[in-house]
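Participant: Before we start, here is the structure in question, set down as structure tokens.
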Amino acid sequence: MAMESLDHIRDELLRLVKGATSLDGLEQARVGALGRKGRLTGLLKELGGLAADDRKTRGAALNQLKDEIEAALAEAHARLNDQVLNARLTQERVDVTLPVDAATAGRIHPVSQTIDEIVAIFGAMGFVVAEGPHIEDDFHNFTALNIPPEHPARQEQDTFYLAATAADGSRKVLRTHTSPVQIRTMLRQKPPIRIIVPGRTFRSDHDATHSPMFHQVEGLIIDRATHMGHLKGCLIDFCRAYFGMADLPVRFRPSYFPFTEPSAEVDIGCSREGGGLKIGAGADWLEILGCGMVHPKVLRNCNIDPDTYQGFAFGMGIERIAMLKYGIPDLRTFYDSDLRWLRHYGFVPLDVPTLAGGLAR
Ligand code: DAH
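Just add 189 to wherever you are in the sequence shown, counting from 1, and you've got the numbering used here.
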């Protein structure tokens with residue numbers, strides 16, 4: 190049998206391998222040469238039919254050619270792989286210096302923004318954030334806070350109770366305020382205590398200013414010497430920092446809460462002239478939070494001696510003060526997940542109001 194010239198085959202196979210412009214093309218060249226039905230494979234199979242001498246020289250030449258083709262394949266494979274990688278690197282390159290497109294970026298929800306602002310202001314006064322569970326028991330949500338059995342918060346129509354009844358006849362509740370975290374903290378930690386508690390709360394209410402789920406922030410200071418003067422200074426500073434008005438009028442109006450004595454409500458100055466609401470100067474007042482000196486009974490319920498320790502607490506609705514600061518008219522829209530609303534009232538992540546940059550806009 191006439192033996193085909195290897196030079197010719199070598200030229201052709203190497204041309205195919207080196208000429209491949211894609212990994213797929215290279216694979217075709219490989220199969221064409223070394224695959225089960227490839228040219229070189231065919232020639233190697235033919236060796237069996239040759240005379241011993243011929244087989245030896247021809248075999249050596251074919252194996253050398255096979256090595257050569259394999260080396261060329263490896264080289265071409267590396268080259269094409271590099272090309273693919275480079276193409277991907279240029280195509281998928283992320284320009285981290287590109288400014289964020291404010292028109293398409295997500296927004297920070299006014300509730301998150303307001304919590305951040307409140308935490309920043311009280312954080313600067315040395316308060317630390319504490320948290321508690323949304324599902325509370327009767328003791329933490331009511332009893333330990335000196336809330337009497339006839340209090341409206343305990344009634345079925347005001348509070349979400351869970352179905353299961355405990356051995357003592359009580360049922361768990363979705364916490365109606367953040368105040369139970371006062372109890373949890375005082376039971377867990379010895380004074381001095383200085384906490385701020387932002388979180389979700391639940392009441393069965395639903396209208397333009399009430400939602401069944403809303404947010405509050407609670408504050409609590411317990412030590413040996415904190416008195417009503419500190420309460421007033423702290424909350425006046427907070428109101429002025431939060432609304433970004435150094436001369437914002439703030440007044441304390443006597444009130445009642447079961448867990449504080451004395452208790453007060455805090456009002457800020459505003460004007461309702463012309464039907465609108467303007468915070469700051471004016472003849473009117475607007476209630477924004479409740480506060481008071483922690484009731485001795487509450488301290489005792491938490492194993493803290495009221496003859497040694499005292500302090501103050503306060504609580505406010507986050508949506509409410511967000512609505513006031515940012516002019517949002519309806520509470521229910523906070524939870525509609527309407528993107529148009531969020532684009533309008535939300536905050537651009539890189540451009541939020543801060544203590545340093547100015548909280549009021
Ligand atoms: N827990 C009260 C509420 O939900 C708010 C409150 C008032 C909290 C006075 C306090 C406080 O800590 O001292 O209406």
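For each residue, glycine too, the CB sits at the ideal point set by N, CA and C.
Step through the CB atoms of chain B and report whether any lies within less than 8 Å of the CB of residue 456.
Facilitator: The displayed structure is made up of one protein chain only, and chain B is not part of it.
Participant: Does ligand 1 have even one heavy atom less than 7 Å from the beta-carbon of residue 502?
Facilitator: Counting from 1 along the sequence shown, the entry for residue 502 is found at position 313. Yes, Cβ of residue 502 sits closer than 7 Å to a heavy atom of ligand 1.
Participant: Any idea what DSSP makes of residue 417, helix, strand or coil?
Facilitator: Here residue 417 is taken as the residue at index 228 of the sequence shown, counted from 1. In the structure shown, residue 417 sits in a helix (DSSP, three-state: H, G or I).
Participant: Could you check whether the stretch 374-393 touches the stretch 457-469, counting it as contact only if at least three pairs of C-beta atoms, one from each stretch, sit closer than 8 Å?
Facilitator: With the cut-off at 8 Å, the stretch 374-393 and the stretch 457-469 do not touch.
Participant: Straight-line CA distance for residue 519 to residue 306?
Facilitator: Here residue 519 is taken as the residue at index 330 of the sequence shown, counted from 1. Here residue 306 is taken as the residue at index 117 of the sequence shown, counted from 1. Distance between the alpha carbons of residue 519 and residue 306 is about 21 Å.
Participant: Starting from the N-terminal side, write out each stretch of the beta strand (DSSP E) that is 3 residues or longer and does not extend beyond the stretch 506-545.
Facilitator: If we require 3 residues or more, the stretch 506-545 turns out to have no beta strand (DSSP E) run fully inside it.
Participant: From the DSSP output, read off the bridge partner residues of residue 250.
Facilitator: Here residue 250 refers to the residue found at position 61 of the sequence shown. None, per the DSSP bridge assignment.
Participant: Pick out whichever of 455, 332, 312 has its Cα sitting closest to the Cα of residue 488.
Facilitator: Mapped onto the sequence shown, residue 488 falls at position 299. Of 455, 332, 312, the residue nearest in Cα terms is 332.
Participant: Check whether the Cβ atoms of residue 511 and residue 367 lie closer than 8 Å to each other.
Facilitator: Here residue 511 refers to the residue found at position 322 of the sequence shown. Here residue 367 refers to the residue found at position 178 of the sequence shown. No, the pair does not count as a contact, with Cβ atoms beyond the cut-off.
Participant: For residue 279, which three-state DSSP category applies?
Facilitator: For the purposes of this step, residue 279 is taken as the residue at position 90 of the sequence shown. Of the three classes helix, strand and coil, the one that applies to residue 279 here is helix, per DSSP.
Participant: May I ask whether a heavy atom of ligand 3 can be found less than 7 Å away from the beta carbon of residue 344?
Facilitator: Ligand 3 is not part of the structure shown, which contains ligand 1 as its ligands.
Participant: What does the Cβ neighbour count give for residue 202, buried or exposed, with the cut at 16 atoms within 10 Å?
Facilitator: For the purposes of this step, residue 202 is taken as residue 13 along the sequence shown, with counting starting at 1. Per the 10 Å Cβ criterion, buried.
Participant: Using only the heavy atoms of ligand 1, determine whether one of them is closer than 7 Å to the beta carbon of residue 312.
Facilitator: Along the sequence shown, read from residue 1 onward, the residue named residue 312 stands at position 123. No, the beta carbon of residue 312 sits no closer than 7 Å to any heavy atom of ligand 1.
Participant: Which same chain residues, not among the five before or five after residue 438, have their C-beta less than 7 Å away from its C-beta?
Facilitator: Counted from its first residue, the sequence shown places residue 438 at position 249. Cβ within range, chain order: 457, 458.
Participant: Taking the C-alpha atoms as reference points, what is the distance between residue 206 and residue 258?
Facilitator: Here the question's residue 206 lines up with position 17 in the sequence shown. Here the question's residue 258 lines up with position 69 in the sequence shown. Going from the Cα of residue 206 to the Cα of residue 258 covers about 8 Å.
Participant: Check for me: the beta strand (DSSP E) holding residue 449 runs from which residue to which?
Facilitator: On the sequence shown, position 260 is the one that residue 449 refers to. It spans 449-460 - the beta strand (DSSP E) in which residue 449 sits, taken as one unbroken run.
Participant: Would the C-beta of residue 176 count as close to ligand 1, meaning under 7 Å from any of its heavy atoms?
Facilitator: Nothing about residue 176 can be read from this structure; the chain reaches only from 190 to 550.
Participant: Just curious, the alpha helix (DSSP H) that residue 234 is in, first and last residue?
Facilitator: Numbered from its first residue, the sequence shown carries residue 234 at position 45. From DSSP, the alpha helix (DSSP H) with residue 234 extends over 228-235.
Participant: On a Cα-Cα basis, can you pick out the residue from 323, 391, 311 that is closest to residue 345?
Facilitator: Against the sequence shown, residue 345 aligns to sequence position 156. The option with the nearest alpha carbon to residue 345 is 391.
Participant: I believe residue 247 touches residue 239 by the beta-carbon criterion, under 8 Å. Please report the beta-carbon distance rounded to the nearest angstrom.
Facilitator: The residue labelled residue 247 in the question sits at position 58 within the sequence shown. The residue labelled residue 239 in the question sits at position 50 within the sequence shown. That pair is a contact at about 6 Å.
Participant: For residue 516, I'd like the list of residues in its chain whose CB is within less than 7 Å of its CB, leaving aside the five on either flank, ordered along the chain.
Facilitator: On the sequence shown, position 327 is the one that residue 516 refers to. Result list for residue 516: empty, nothing under 7 Å.
Participant: Which residue spans inside the stretch 317-365 form an unbroken beta strand (DSSP E) run of at least 3?
Facilitator: If we require 3 residues or more, the beta strand (DSSP E) runs fully inside the stretch 317-365 come out as 350-354, 360-363.
Participant: Which of the three DSSP states, helix, strand or coil, is assigned to residue 304?
Facilitator: Here residue 304 corresponds to residue number 115 of the sequence shown, with the count starting at 1. Residue state, collapsed to three classes: helix.
Participant: For the stretch 441-450 against the stretch 468-485, do three or more pairs of beta-carbon atoms, one drawn from each stretch, fall closer than 8 Å, so that the two count as touching?
Facilitator: They touch, by the three-pair rule.
Participant: Taking residue 432 as the reference, give the member of 477, 370, 325, 220 with the closest Cα.
Facilitator: Numbered from 1 along the sequence shown, position 243 holds the residue referred to as residue 432. Checked all of 477, 370, 325, 220; the closest Cα to residue 432 is 477.
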